[in-house]
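**Q** In this text, residue positions in the sequence shown follow our numbering: the first is 823, and each later residue adds one.
Heads up, the beta-carbon is just placed ideally off N, CA and C, and yes, glycines get one too.
As the structure is a prediction and not an experimental result, all values here were calculated from the model.
What follows is a single structure, and I will ask about it in a moment.
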Amino acid sequence: MSGSGQSTLHITDEQWIEEFCDYLHFELNRSPNTVTAYRSDLYALAQYCATQRAKQTTTPQSAVLPDMELSDLREWLAHLHRQHHSRASIARKTASVRRFFGWAKRQGLIEHDPALRLRAPKKQQHLPAALTQTQTSQLLDQMGAPAPNETGEHSAASHACTPTQQAVELRDIAMMELLYATGMRVAELADLNIADLDTAQNTVRVTGKGRKQRVVPLTQSALDATARWREQGRPHLVKASTPVEALFLGARGGRIGVRQVREMVDRHLRALGSTSASGPHVLRHSVATHLLDGGADLRSVQELLGHSSLQTTQLYTHISIERLRDGYRQAHPRA
């Protein structure tokens, strides 16, 4: 990377970053998106520090990562703050830097870890939006009605009529039922293979973050919708290039993409008229909230959703408490 006022990174800096990214990918089994985020954060740090040093000296550039100090890291975070990066973004970049220098210390590349005492601003905790159980029922019930077009409007022309359109409708119903039955992430849904379904046990095997697998029970409606898709819909989308193992296919026959699933969910949420809850994760949030409302224990919900930390799952208890509080205010005569 070079340009006005910038300095090309030293080969040692680049080598350390790439070795760390290989460690994330091959040893920790992190997803390509996660590795890309780490790489971007570390290159940004190294580039900033190299640029600052280039302004202060005319001597040939040396690597910046081997002799990084805590003060350098704090100055970089201050720079990010001045550039109006969000607290969540700065917190993520801080985590990237801390993990990198922890790895470098264990590898013997550095003697002292400069990020050991580095602290990021606390992220604002936003309660995840969730649909009510009534809204969720309406959402799933409307899936059999004429599908909303790109503007979110219903019309006779938008209703499935060709075999391909009917196949897409069956696929969308199955995907929506699975998302609500399991609380799985959209990327996990797109990655599902036919072999992941166990119709004898009424379960599905989900591969989550870090390639960790979990087995999740399925509702009867999700099983029925998936069976209809496989028997009546999927054959109409199969092409010569279709991956035989993929459960859900796009209109061109390839494995369905995450973006396609997100757009489908968003269209149906708009048709529902939900303004408080939007985005594909809304079904995941709704599953968690409805289970906790129904008396499920926190640990079971954690395992169902594939959360590595119980703290993440506990966010949903706050939603349930807020709903309890709202009902209390409305019903209690002295509230």
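Measure the beta-carbon distance from glutamate 1125 to arginine 1007 and round it to whole angstroms, keeping in mind my assumption that it falls under 8 Å.
**A** Going by Cβ atoms, the distance from glutamate 1125 to arginine 1007 rounds to 15 Å, so no, they are not a contact pair.
**Q** Could you name the residues of the same chain whose beta carbon sits closer than 6 Å to that of alanine 885, not counting the 5 residues immediately before and after it, in chain order?
**A** Once the five neighbours on either side are set aside, the close Cβ partners of alanine 885 are His832, Thr834 and Asp835.
**Q** Cα-Cα, which of Gly1116, Ser1131 and Leu1105 is closest to glutamine 960?
**A** The shortest C-alpha separation from glutamine 960 is found at Leu1105.
**Q** Quick one: which unbroken alpha helix (DSSP H) runs of 4-plus residues sit fully inside the segment 997-1049? Chain order, please.
**A** For the segment 997-1049, whole alpha helix (DSSP H) runs of length 4 or above, ordered along the chain, are 1008-1012.
**Q** Using three-state DSSP, classify leucine 1071 as helix, strand or coil.
**A** Leucine 1071 falls in the strand class under three-state DSSP.
**Q** If you check the beta carbons only, do leucine 962 and methionine 998 fall under 9 Å apart?
**A** Closer than 9 Å, so yes.
**Q** Could you check the C-alpha separation between histidine 770 and tryptophan 838 for me, to the nearest Å?
**A** With the chain covering 823 to 1157 only, the question about residue 770 has no answer from this structure.
**Q** Once the 5 residues before and after leucine 1071 are set aside, which same chain residues still bring their CB inside 8 Å of it?
**A** Excluding residues within five positions, the ones whose Cβ falls inside 8 Å are Arg993, Arg1056, Leu1059, Val1060, Thr1064, Arg1077 and Ile1078.
**Q** Taking the straight line between their C-alpha atoms, what separation do you get for valine 1028 and valine 1109?
**A** When rounded, the distance between both Cα atoms is 16 Å.
**Q** Tell me the rounded alpha-carbon separation between arginine 941 and alanine 1062.
**A** Whole-angstrom Cα-Cα distance: 53 Å.
**Q** Which whole-angstrom value is the C-beta distance of leucine 895 and lysine 915, which I expect to be below 8 Å?
**A** Between lysine 915 and leucine 895 the Cβ distance is about 10 Å, and since that is not below 8 Å, they are no contact.
**Q** Rounded to whole angstroms, what is the Cα-Cα separation between serine 826 and threonine 873?
**A** Note that serine 826 scores 34 on pLDDT, short of 50, meaning its location in the model is unreliable and no value can be drawn from it.
**Q** Residues in its own chain within less than 6 Å of methionine 890 by CB, not counting five upstream and five downstream?
**A** So the list reads Pro936, once near-sequence residues are dropped.
**Q** Which residues in the same chain have their Cβ closer than 6 Å to the Cβ of leucine 864, if we skip the five residues on either side of it in sequence?
**A** Excluding residues within five positions, the ones whose Cβ falls inside 6 Å are Ile839 and Phe922.
**Q** Express the C-alpha separation of threonine 954 and leucine 1094 in angstroms, rounding to a whole number.
**A** Rounded to whole angstroms, leucine 1094 to threonine 954 spans 12 Å at the Cα level.
**Q** Which residue from Arg1092, Thr1048 and Leu1019 puts its Cα closest to that of glutamate 991?
**A** Looking at the Cα atoms, Thr1048 is the closest of the given residues.
**Q** Is it buried or exposed for threonine 986, if we count other Cβ within 10 angstroms and need 16 for buried?
**A** Classification for threonine 986: exposed.
**Q** Excluding five sequence neighbours on each side, which residues of the same chain lie with their C-beta closer than 6 Å to the C-beta of alanine 989?
**A** Here the set comprises Gly1055, His1058 and Leu1059.
**Q** Please return the same chain residues whose Cβ sits closer than 7 Å to the Cβ of aspartate 1013, not counting the five positions on each side in sequence.
**A** For aspartate 1013, where only same-chain residues beyond five positions count, the Cβ hits under 7 Å are Thr1029.
**Q** When the Cα atoms are used, what is the spatial distance from alanine 1009 to isoleucine 932?
**A** Taking the straight line joining both Cα atoms gives about 37 Å.
**Q** How big is the Cα-Cα spacing for tyrosine 1138 and proline 888?
**A** If you take the alpha carbons of tyrosine 1138 and proline 888, they lie about 42 Å apart.
**Q** Taking just the CA atoms, how far does leucine 1011 sit from valine 1080?
**A** So the alpha carbons of these two residues sit roughly 8 Å apart.
**Q** Skipping 5 residues on each side, what residues in its chain have a beta carbon closer than 7 Å to that of tryptophan 1051?
**A** Result list for tryptophan 1051: Leu992, Arg993 and Ala996, in chain order.
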